[in-house]
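Heads up, the thing below is written out as structure tokens.
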Amino acid sequence: MCNSCVMLFNEKNGSILPEYTTLPELQKGEILVKNKYTTLCGSDLHTFTGRRKEPSPIVLGHEIVGEIIEMSFDEPFCDLNGSILKTGDLITWTIFAATDTDEFVTDKMPQKSASLFKYGHVQFTENEKFNGGLGTHCVLKKGTGILKVPASIDEKFAPIINCAGATVMAAHRLIDQIENKNVLILGAGVLGLIAAAVAKEKKASSVTVLDIDDRRLEKSKSFGADYIYNSLNPIEELTSITSKFYKKGFDAIIDMSGSIEAIKIGLQFSAIGAQHIWIGAVTPTENIEINPEVMIRRLLSIKGMHNYNYEDFIKAVNFFENHFTDYPFDTFIEKEFALQDTEEAFQYAIKHKPYRVLITI
Numbered sequence: 002m003c004n005s006c007v008m009l010f011n012e013k014n015g016s017i018l019p020e021y022t023t024l025p026e027l028q029k030g031e032i033l034v035k036n037k038y039t040t041l042c043g044s045d046l047h048t049f050t051g052r053r054k055e056p057s058p059i060v061l062g063h064e065i066v067g068e069i070i071e072m073s074f075d076e077p078f079c080d081l082n083g084s085i086l087k088t089g090d091l092i093t094w095t096i097f098a099a100t101d102t103d104e105f106v107t108d109k110m111p112q113k114s115a116s117l118f119k120y121g122h123v124q125f126t127e128n129e130k131f132n133g134g135l136g137t138h139c140v141l142k143k144g145t146g147i148l149k150v151p152a153s154i155d156e157k158f159a160p161i162i163n164c165a166g167a168t169v170m171a172a173h174r175l176i177d178q179i180e181n182k183n184v185l186i187l188g189a190g191v192l193g194l195i196a197a198a199v200a201k202e203k204k205a206s207s208v209t210v211l212d213i214d215d216r217r218l219e220k221s222k223s224f225g226a227d228y229i230y231n232s233l234n235p236i237e238e239l240t241s242i243t244s245k246f247y248k249k250g251f252d253a254i255i256d257m258s259g260s261i262e263a264i265k266i267g268l269q270f271s272a273i274g275a276q277h278i279w280i281g282a283v284t285p286t287e288n289i290e291i292n293p294e295v296m297i298r299r300l301l302s303i304k305g306m307h308n309y310n311y312e313d314f315i316k317a318v319n320f321f322e323n324h325f326t327d328y329p330f331d332t333f334i335e336k337e338f339a340l341q342d343t344e345e346a347f348q349y350a351i352k353h354k355p356y357r358v359l360i361t362i
């Protein structure tokens with residue numbers, strides 16, 4: 002499209018237009034990447050539609066794969082696995098950069114660092130231009146977790162790893178035990194389907210997926226779902242599933258939907274000792290009533306997870322390296338667009354609700 006430019010989203014009028022600009026001089030610890038592919042995450046769509054507010058103007062896109070073209074001061078750089086990075090390497094990276102001296106980083110919550118820098122979430126300014134996926138380049142800050150993309154993973158799918166994939170691994174990290182347990186996944190989008198596949202590989206006794214879209218529910222069977230339930234149908238259908246279990250409920254409930262009604266169903270069908278992991282509700286939503294006596298007597302727990310840490314990111318890349326061909330992950334990319342057609346890509350995603358659209362740069 003151009004030698005160096007970004008597709009700039011302006012919240013005031015909802016436009017996404019090219020901004021042609023020169024590349025910056027790298028600072029110590031920075032890496033210049035030529036973006037190759039970016040997928041539009043649900044949070045990008047929320048910003049575009051005004052459901053979520055980000056500083057404007059902004060270069061959106063944080064699910065990115067790119068090629069290293071320059072490293073500052075010829076410093077030795079290593080990825081999170083300790084492999085030396087060099088120009089020409091195909092990489093993906095964490096949605097965030099954080100200072101390693103920050104207490105949140107020490108406590109393995111770098112995504113909440115006081116010094117946090119988030120790709121695709123930073124206002125476009127004279128000093129911050131190339132910091133998102135919807136541009137020709139991205140400047141990676143010191144404190145970014147970088148990993149090489151394994152050859153076994155389709156590079157067009159790989160952008161999904163550094164958001165959805167790593168977030169799923171964070172959710173599973175919070176579950177004490179999943180082997181031989183009955184798992185309920187709320188939501189059959191990208192996150193939910195990956196979560197189902199991970200649960201299956203972790204030897205869950207059963208995986209049930211809940212959604213309101215029959216097409217997506219049917220697809221979840223190819224990602225390890227043993228049972229499916231459309232929550233628009235009578236609740237007795239879900240009861241017939243849990244009646245097969247010794248505890249008559251689900252041991253682990255992972256919400257990827259953000260739907261209050263789905264979360265309520267998860268609480269209703271908890272087994273004694275169940276763990277609830279809430280991921281999906283990342284935009285303002287209503288409160289939910291929880292009875293303390295029920296929580297206590299049924300030994301229930303609820304944990305929330307937003308984004309992920311460096312270890313989750315490593316586990317996500319490892320998982321897809323080992324299992325990419327075991328499940329139809331490549332079907333997540335339902336439509337491709339060129340960078341100059343970014344606005345069309347957003348409109349398509351909003352209208353057709355694909356798992357992901359891909360921007361090729």
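Counting from 1 along the sequence shown, just add 1 to a position and that's the residue number in this note's numbering.
For each residue, glycine too, the CB sits at the ideal point set by N, CA and C.
Keep in mind that this is a model prediction, so the values were computed, not measured.
Tell me which same chain residues have a C-beta within less than 7 Å of the C-beta of residue i, skipping the five on either side of it?
i	result
T145	W94, T95, A98
D101	G144
F333	F158, I161, V191, Y356, R357
A197	I186, V208, V210, S221, F224, G225, A226
Can you name, in chain order, every residue of its own chain whose Cβ lies under 6 Å from the Cβ of residue i, other than the five neighbours on each side?
i	result
P25	none
G250	T243, F270, S271, A272
L301	S271, A275
Q112	F97, N308
V283	none
A171	M306, Y309, D313
D252	K182, N183, A272, A275
F325	S153, I154
I176	A253, Q276
Can you tell which of the options has the C-alpha that lies nearest to the C-alpha of residue i?
i	options	result
A200	D212, G267, I186	I186
I154	A263, V184, E12, N319	N319
A317	E104, K149, L41, S5	K149
I362	R174, L135, Y311, V295	L135
F125	G188, P56, H173	P56
E127	V60, I303, I291, D215	V60
L81	N132, I92, I147	I147
Does residue i come out as helix, strand or coil in the three-state DSSP assignment?
i	result
S302	strand
A275	strand
M2	Here the model assigns M2 a pLDDT of 44, short of 50, so the residue's position is not dependable, and the following value carries that caveat. Of the three classes helix, strand and coil, the one that applies to M2 here is coil, per DSSP.
F230	This sequence places Tyr at residue 230; Phe is not what is there. In the structure shown, Y230 sits in a strand (DSSP, three-state: E or B).
Y349	helix
R53	coil
G67	strand
Mark residue i as exposed unless 16 or more other C-beta atoms lie within 10 angstroms of its C-beta, in which case mark it buried.
i	result
T23	exposed
K182	buried
N288	exposed
E180	exposed
L41	buried
What is the C-beta distance between residue i and residue j, in whole angstroms, given that I count them as a contact (C-beta under 8 Å)?
i	j	result
L211	I266	7 Å
E76	G89	Between G89 and E76 the Cβ distance is about 17 Å, and since that is not below 8 Å, they are no contact.
N36	H122	In fact, because the Cβ distance is near 16 Å, the residues do not count as touching under 8 Å.
L340	Y38	Their Cβ separation, rounded to whole angstroms, is 10 Å, which puts L340 and Y38 out of contact at 8 Å.
F158	D331	6 Å
S260	Y228	The Cβ separation is near 19 Å, so there is no contact.
P58	F10	6 Å
W279	I264	7 Å
Beta-carbon within less than 8 Å of residue i's beta-carbon, same chain only, minus the 5 sequence neighbours each way: which residues are those?
i	result
P151	V318, F321, E322
If you measure from the CB of residue i, is any heavy atom of the ligand HEM nearer than 7 Å?
i	result
Q269	With respect to small molecules bound, the structure shown includes none, and the ligand HEM cannot be examined in it.
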